[in-house]
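Shown next, in structure tokens, is the structure this report addresses.
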Amino acid sequence: MGGAEDLEGVDASFEQLVEETREAAGWDEAETENLLTEKIVTEFVKFHVKKAEGERRLQGRGDEISEKRRTVPSKSPERNSSAKKRLQELLERDSNKEEEAEKAIVP
């Protein structure tokens with residue numbers, strides 16, 4: 007008589023799984039039912055454990071991204087006064103150059 011270990015690598019249809027289980031149980035119906043139940047419960051638990059780990063990993067990744075967004079300093083000119091001041095200076099200089107160029111063109 008075999009055990010659930012004999013069915014470990016079986017990846018088949020339900021009918022094939024039942025046939026493999028019967029062979030592993032030595033054609034004893036009670037043992038076949040026990041092995042099938044053990045196999046099904048084991049696979050069910052493995053599936054849900056793997057799914058929960060994936061969800062925790064995704065949740066952890068989401069928390070990590072949220073934390074980075076909160077801690078990354080903003081570099082936009084509106085929030086950084088020195089950058090805003092520098093941008094204003096450059097814009098004023100450009101507008102002054104444009105005005106001078108227009109004056110030079112118009113006699």
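Going from the sequence shown to the numbering used here is simple: count from 1 and add 6.
For each residue, glycine too, the CB sits at the ideal point set by N, CA and C.
Remember, it's a predicted structure, so these values are computed and weren't measured experimentally.
Ordered along the chain, which non-local residues of its own chain (more than five positions away) have a Cβ less than 6 Å from that of E104? For the purposes of this step, residue 104 is taken as the residue at position 98 of the sequence shown. Excluding positions up to five away in sequence, the list is empty.
My understanding is that E37 touches A31, with C-beta atoms under 8 Å, so please give their C-beta distance in whole angstroms. Indexing the sequence shown from 1 puts residue 37 at position 31. Indexing the sequence shown from 1 puts residue 31 at position 25. So it is a contact: roughly 4 Å between Cβ atoms.
Which of helix, strand or coil does DSSP assign to E100? Position 94 of the sequence shown, counting from 1, holds the residue named residue 100. Before going further, note that residue 100 is Asp rather than Glu in the sequence given. Three-state result, D100: helix.
Which of the three DSSP states, helix, strand or coil, is assigned to A31? Taking the sequence shown and counting its residues from 1, one reaches residue 31 at position 25. Looking at A31 - three-state DSSP - the assignment turns out to be coil, as it is neither helix nor strand.
Does K109 pass the burial test, meaning 16 or more other C-beta atoms within 10 Å, or should it be called exposed? The residue you call residue 109 lines up with position 103 of the sequence shown. By the 10 Å Cβ count, K109 comes out exposed.
Can you tell me whether S19 is helix, strand or coil according to DSSP? Reading the sequence shown from its first residue, position 13 is the one you call residue 19. Coil at S19, not helix or strand.
Residues in its own chain within less than 8 Å of S101 by CB, not counting five upstream and five downstream? Looking up residue 101 in the sequence shown gives position 95. Excluding residues within five positions, none has a Cβ falling inside 8 Å.
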